[in-house]
Amino acid sequence: MRVRTFKYFFKESFTSLIRNRWMSLASIGAVASALIVFGSFLLLSVNFDYILKDVESQVEITAYLEDSVEQESIAKLNRDIAAISEVKEIKFISKEEAIEEFKEQVGKELLEGIENPLPNSFRIKVNDPHEVAAVAEKIERFAGIEEVKYGKGIVEKLFNIIYWLRMIGLAIMIVFACVSIFIISNTIRLTVFARRREISIMKYIGATDWFVRWPFLIEGMILGLIGSLVAIGVLALAYKYLYITVKLNIPMISLLPIEGFYEYALGFLGIGMLIGAFGSSFSIKRFLNV
Amino acid sequence: MLIEMYGVTKVYPGGQIALKDINLKICKGEFVFIVGPSGAGKSTLIKLIFREEVPTKGQIFFAGKNITRLRHREVPHLRRRIGIVFQDFRLLPEKTVYENVAFAMEVVEAHTREIRKRVPLVLERVGLLHKAKAKPSELSGGEQQRVALARALVNNPDILVADEPTGNLDPETAWDIMGLLDDINKRGTTIIVASHAKELVDSMKKRVIQLENGSLVRDEERGVYNCESKDF
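Each protein sequence line maps, in turn, to chains Z and U. My numbering numbers the first residue of the first sequence as 1 and each following residue consecutively. My numbering numbers the first residue of the second sequence as 1001 and each following residue consecutively.
Here you go:
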């Protein structure tokens, strides 16, 4: 494709963007709102993920041993559990260590004169928090294990929340994207209509379909691109504000730093342009069969 | 042989029969009129040549290639070999005369250098170089049709196809346009003109194909024309 041809395409695109400026603005607004809604849900879920990673290190399995288990068997159990591929770390906590820890938490006085009621135990960390439940089940089956405990439910719930946040965000984005495609295709239809005479002349002269199509595709993509830039700007500002507010007021929650958001910006630009291209290709189709 | 039609029939979706079993051959370099009353099928015949319409039955060859089986994306390449002129000129009102003609070259992605060289040349040929900067609305009907002719010629087509090119013009201007077409023909471009201006056609002393109710009723050659000698 010649440079001159591309110049021509861009000139045509910008001319009609300005000619239909109100429709252009509506299209940009539609794309921007679609992406802002999606982006909010995305950021929410990403932050849940981030917080979960933080919690993750605290998600560990405690396996309590029966009191009858001998020293030798403990060593064997230790080896066996460590051999489970998902297990990252295993630490033996003896009765004595457990009570010391407990005393520290509740105060020495309270436990004065009582025989140590705590069992020996293992503390186990796994590679992937998704696997906690499965690993816990495996450990439970070993002989000599009395009881296995882990943050049952909490992990699953968190994963569920993240999953649903993503799904809801995605669903809303799809609806908004359809609305954007519809609005953009209407905008482009105006342009196509304004230039229908030119298009038919072009076709008679021997223009290829793509030659006719490009200016409209570019127009749609520019609309999508500007829309996504607006969305990125709004989200970045809002997130920055949120991040600072949370940091100052609720210091125990640490949100994903703002830089993490920029990773998604490129994707947003892509989605915006795709929406624009889709919208415009719907409007041109009919006019090409001359 | 530039155009060959064999048993061409065209029935429109509504059931209206526009052309019935047309057989004809047009050589390179010929000047052919297609005449007949309104609705006889002149426009349909013209549209079949640049493939705005596809025949219901029969075959059409352009320069030896069967264009009835042309794929959609091959159509532009056929049209680049055909210059098309309409009764209503079909110029772009917001572009100047020069830009209207240059547009035809931009569309087929010609080099800028080529466009700058070729457009004034063609405008000169239709006698409108001095109005290059005018807008179509500032021109008379005859001048507008000359611009349309220049646009049709600028890409150096094998054939010029005109559907009622003088239909919107007064008789005197119509004569000018016909003279210009004759001139273009003498330089080697094949020309097909659909017209119902009987006097004008008769006085041109060219081959006349007459249509009536979609049938070819007369194909008359005035003057001797040897297809073989000009065919290569």
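Backbone N, C-alpha and C define an ideal beta-carbon position, used for all residues, glycine too. This one's a predicted model, so the numbers in the text were calculated from it and none came from an experiment.
- Task: Assuming ILE275 (chain Z) contacts SER185 (chain Z) (C-beta within less than 8 Å), just tell me the rounded distance between them.
- Result: Here the question's residue 275 (chain Z) lines up with position 275 in the first sequence. Here the question's residue 185 (chain Z) lines up with position 185 in the first sequence. Contact annotation, ILE275 (chain Z) with SER185 (chain Z): C-beta distance approximately 10 Å; criterion of less than 8 Å not satisfied.
- Message: Using a Cβ-Cβ distance cut-off of 7 Å, determine whether ILE1191 (chain U) contacts chain Z.
- Response: Stepping through the second sequence from its first residue, residue 1191 (chain U) is reached at position 191. Output row for ILE1191 (chain U): interface = no.
- Whose CA, out of Z:ALA30, Z:ASN160, Z:LYS88, lies closest to the CA of LYS125 (chain Z)? Along the first sequence, read from residue 1 onward, the residue named residue 125 (chain Z) stands at position 125. Z:LYS88 is the residue among Z:ALA30, Z:ASN160, Z:LYS88 whose C-alpha sits nearest the C-alpha of LYS125 (chain Z).
- Which residues mark the beginning and the end of the alpha helix (DSSP H) in which LEU1216 (chain U) is found? Here residue 1216 (chain U) is taken as the residue at index 216 of the second sequence, counted from 1. Segment 1215-1220 is the beta strand (DSSP E) holding LEU1216 (chain U); no alpha helix (DSSP H) there.
- Query: Touch check for the segment 1104-1122 of chain U and the segment 1177-1194 of chain U: three-plus C-beta pairs under 8 Å?
  - Reply: Touching, no.
- Query: ARG1079 (chain U): which of U:THR1096, U:TYR1098, U:GLU1052 sits nearest, CA to CA?
  - Reply: Here residue 1079 (chain U) refers to the residue found at position 79 when the second sequence is read from its first residue. Nearest neighbour of ARG1079 (chain U) by Cα position, chosen from U:THR1096, U:TYR1098, U:GLU1052, turns out to be U:GLU1052.
- So ILE1017 (chain U) packs on VAL1011 (chain U), CB below 8 Å; how close in whole Å? Locating residue 1017 (chain U) in the second sequence gives position 17, where the first residue counts as 1. Locating residue 1011 (chain U) in the second sequence gives position 11, where the first residue counts as 1. Beta-carbon to beta-carbon, ILE1017 (chain U) and VAL1011 (chain U) are separated by about 5 Å, close enough to satisfy the 8 Å threshold.
- Task: Pick out whichever of Z:ARG4, Z:ALA82, Z:ILE244 has its Cα sitting closest to the Cα of ARG1113 (chain U).
- Result: Taking the first residue of the second sequence as 1, we reach residue 1113 (chain U) at position 113. Of the candidates Z:ARG4, Z:ALA82, Z:ILE244, the one whose C-alpha sits nearest the C-alpha of ARG1113 (chain U) is Z:ARG4.
- In angstroms with no decimal places, state the Cα-to-Cα distance between ALA63 (chain Z) and ASN127 (chain Z). Taking the first residue of the first sequence as 1, we reach residue 63 (chain Z) at position 63. Taking the first residue of the first sequence as 1, we reach residue 127 (chain Z) at position 127. Each residue's alpha carbon lies about 17 Å from the other.
- Message: To be precise: take each residue of the segment 192-213 of chain Z, compare its Cβ to all Cβ atoms of chain U, and keep it if any distance is under 8 Å. Which residues remain?
- Response: Contact annotation: in the segment 192-213 of chain Z, residues whose CB is within less than 8 Å of a CB in chain U are ARG197, GLU198, SER200, ILE201, MET202, LYS203, TYR204, ILE205, GLY206, ALA207, THR208, ASP209, PHE211.
- Query: In three-state terms, what does DSSP make of ALA194 (chain Z)?
  - Reply: As a working mapping, residue 194 (chain Z) is identified with position 194 in the first sequence. The answer is helix: DSSP assigns ALA194 (chain Z) an H, G or I state.
- Would you tell me roughly how many angstroms separate the C-alpha atoms of ILE244 (chain Z) and MET167 (chain Z), rounded to the nearest one? Counted from its first residue, the first sequence places residue 244 (chain Z) at position 244. Counted from its first residue, the first sequence places residue 167 (chain Z) at position 167. About 27 Å.
- Residues sharing a beta bridge with TYR64 (chain Z), DSSP: Numbered from 1 along the first sequence, position 64 holds the residue referred to as residue 64 (chain Z). For TYR64 (chain Z), which the question treats as bridged, DSSP gives the partners Z:SER121, Z:GLU147.
- Determine the direct distance from the alpha carbon of TYR8 (chain Z) to that of HIS1111 (chain U), and round the result to whole angstroms. As a working note, residue 1111 (chain U) is residue 111 in the second sequence. As a working note, residue 8 (chain Z) is residue 8 in the first sequence. Looking at the two C-alpha atoms, the distance is approximately 13 Å.
- Message: Across the segment 1020-1033 of chain U and the segment 1192-1201 of chain U, are there enough close Cβ pairs to call them in contact, namely three or more that are closer than 8 Å?
- Response: In short, these stretches touch, since the Cβ pair count reaches three.
- Amino acids of chain Z, ordered along the chain, whose beta-carbon sits closer than 7 Å to that of ARG1080 (chain U): Your numbering for residue 1080 (chain U) matches position 80 in the second sequence. Close partners of ARG1080 (chain U) in chain Z (Cβ separation under 7 Å): GLY206.
- Which one or two residues does DSSP pair with ASN1066 (chain U) in a beta bridge? Against the second sequence, residue 1066 (chain U) aligns to sequence position 66. Per DSSP, U:PHE1061.
- Task: List the residues of chain U whose Cβ lies closer than 8 Å to the Cβ of THR15 (chain Z), in chain order.
- Result: One-based indexing of the first sequence puts residue 15 (chain Z) at position 15. Those do not exist, as THR15 (chain Z) stays about 10 Å from chain U at its closest Cβ, beyond 8 Å.
- Item | Three-way DSSP call (helix, strand, coil) for ILE172 (chain Z) in this model | Stepping through the first sequence from its first residue, residue 172 (chain Z) is reached at position 172. Here ILE172 (chain Z) carries a helix assignment [DSSP, helix/strand/coil].
- Query: Got a sec? Which residues, its chain only, sit under 8 Å from GLN1144 (chain U) by beta carbon, not counting five neighbours each side?
  - Reply: Here residue 1144 (chain U) refers to the residue found at position 144 when the second sequence is read from its first residue. Leaving aside the five residues that flank GLN1144 (chain U) on each side, the residues in its chain whose CB is nearer than 8 Å to its CB run, in chain order, PHE1089, LEU1091, PRO1136.
- Closest by C-alpha distance to ARG196 (chain Z), when choosing among Z:PHE182, Z:ALA32, Z:THR208, Z:VAL212: Working through the first sequence from its first residue, we reach residue 196 (chain Z) at position 196. Comparing C-alpha distances from ARG196 (chain Z) to each of Z:PHE182, Z:ALA32, Z:THR208, Z:VAL212 shows the shortest one belongs to Z:VAL212.
- Query: From what residue to what residue does the beta strand (DSSP E) around GLU89 (chain Z) run?
  - Reply: To locate residue 89 (chain Z), count along the first sequence from 1; it is residue 89. Taken as a continuous stretch (DSSP letters only), the beta strand (DSSP E) holding GLU89 (chain Z) covers 87-93.
- Message: Taking its Cβ as the centre, do 16 or more other Cβ atoms sit within 10 Å of LEU266 (chain Z), making it buried, or is it exposed?
- Response: Mapped onto the first sequence, residue 266 (chain Z) falls at position 266. By the 10 Å Cβ count, LEU266 (chain Z) comes out exposed.
- Near-chain Z residues of the segment 1085-1099 of chain U (beta-carbon distance less than 8 Å), N- to C-terminal order: Against chain Z - using a Cβ distance shorter than 8 Å - the residues of the segment 1085-1099 of chain U are ARG1090, LEU1092.
- GLY272 (chain Z) (DSSP reduced to helix, strand or coil): Your numbering for residue 272 (chain Z) matches position 272 in the first sequence. GLY272 (chain Z): helix per DSSP, three-state reduction.
- Query: Given a threshold of 16 other Cβ atoms within 10 Å of its Cβ, counted over all protein chains shown, does ARG1151 (chain U) qualify as buried or as exposed?
  - Reply: The residue you call residue 1151 (chain U) lines up with position 151 of the second sequence. With 16 or more other Cβ atoms from the protein chains shown falling within 10 Å of its own Cβ, ARG1151 (chain U) counts as buried.
- Query: Rounded C-beta distance between VAL1161 (chain U) and PHE1050 (chain U)? I'm assuming under 8 Å.
  - Reply: Residue mapping note: residue 1161 (chain U) aligns to position 161 of the second sequence, counting from 1. Residue mapping note: residue 1050 (chain U) aligns to position 50 of the second sequence, counting from 1. Indeed they touch by this definition, with Cβ atoms about 6 Å apart.
- Item | Host beta strand (DSSP E) of GLY1083 (chain U) (start-end) | To locate residue 1083 (chain U), count along the second sequence from 1; it is residue 83. Counted as a single uninterrupted DSSP element, the beta strand (DSSP E) harbouring GLY1083 (chain U) occupies residues 1082-1085.
- Considering only residues of the segment 1105-1159 of chain U, which uninterrupted alpha helix (DSSP H) runs meet the minimum length of 4 residues and lie entirely inside it, listed in chain order? Complete alpha helix (DSSP H) runs here, min 4: 1112-1125, 1141-1153.
- Message: Would ALA136 (chain Z) and ILE51 (chain Z) be called neighbours here (beta carbons separated by less than 7 Å)?
- Response: Residue mapping note: residue 136 (chain Z) aligns to position 136 of the first sequence, counting from 1. Residue mapping note: residue 51 (chain Z) aligns to position 51 of the first sequence, counting from 1. Contact flag unset, no.
- Can you name the start and end residues of the alpha helix (DSSP H) that GLN1016 (chain U) belongs to? Along the second sequence, one-based indexing puts residue 1016 (chain U) at 16. Per DSSP, GLN1016 (chain U) belongs to no alpha helix (DSSP H) and is neither H nor E.
- To which residues does DSSP link GLU1094 (chain U) through a beta bridge? Counted from its first residue, the second sequence places residue 1094 (chain U) at position 94. According to DSSP, GLU1094 (chain U) bridges with nothing at all.
- Would you say THR1044 (chain U) reaches chain C, if we count a Cβ-Cβ gap shorter than 7 Å as a contact? Absent from the structure is chain C; the protein chains it does hold are Z and U.
- Shorter than 7 Å from the beta carbon of ALA1150 (chain U) to some beta carbon of chain Z? If you number the second sequence from 1, residue 1150 (chain U) lands on position 150. Nearest CB-CB separation between ALA1150 (chain U) and chain Z: not below the 7 Å threshold.
- Message: Which residue wins for smallest C-alpha separation from LEU170 (chain Z), given the options Z:ILE271, Z:GLU147, Z:ILE201, Z:GLU263?
- Response: If you number the first sequence from 1, residue 170 (chain Z) lands on position 170. Nearest of Z:ILE271, Z:GLU147, Z:ILE201, Z:GLU263 to LEU170 (chain Z), Cα basis: Z:ILE271.
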